[in-house]
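K.L.:
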Amino acid sequence: RTILSSNPSLTCAKHEYEIDFNQFSFGRWILQPKRFNAYTCSGSCPNPLSPQYYPSNHAILLSLLHSQKDYGQQPLCVPVRLKPLCLLYYDRDELVIKYHRDMIVQECGCR
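Take the sequence shown: its letters are residues 30 to 140, numbered as in the working numbering.
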């Protein structure tokens, strides 16, 4: 289940994050896509952590410690599932089509 939010102050969720290669030097050698939505993860991790946030055992432990005595760091909202992005680009004067792993956030969770 994907949670897509436009309000970054809420709980952990996926947010839009548009990348435009033309705004960087990459735009000269990346032909397609010129822009894409990479998404990003932000927001707080609630306590207790529910399965919808895909918590690791480490995140559950951090959450429990923090709730007991405000001890240590809370779990962080991070990408837990990503998908590839197909790029068409020049590499040393050769045209390349390649899928680059882990470029687009699909789901966020607390880790």
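A virtual CB, placed ideally from N, CA and C, is assigned to each residue, including glycine.
Taking a contact to mean a Cβ-Cβ separation below 8 Å, would you say residue 105 touches residue 60 in this structure?
P.N.:
Cβ atoms of residue 105 and residue 60: not closer than 8 Å.
K.L.:
Could you name the residues that DSSP lists as bridge partners for residue 100?
P.N.:
In DSSP, residue 100 forms no bridge with anything.
K.L.:
Is it true that the CB of residue 129 sits closer than 8 Å to the CB of residue 113?
P.N.:
Yes; because the gap between Cβ atoms is below 8 Å, this pair is in contact.
K.L.:
Residue 143 by DSSP, collapsed to three states: which one?
P.N.:
Residue 143 cannot be examined here, being either before or after the span of the chain that is shown, 30 to 140.
K.L.:
Please determine, among 79, 92, 72, 76, the residue with the shortest C-alpha to C-alpha distance to residue 39.
P.N.:
72
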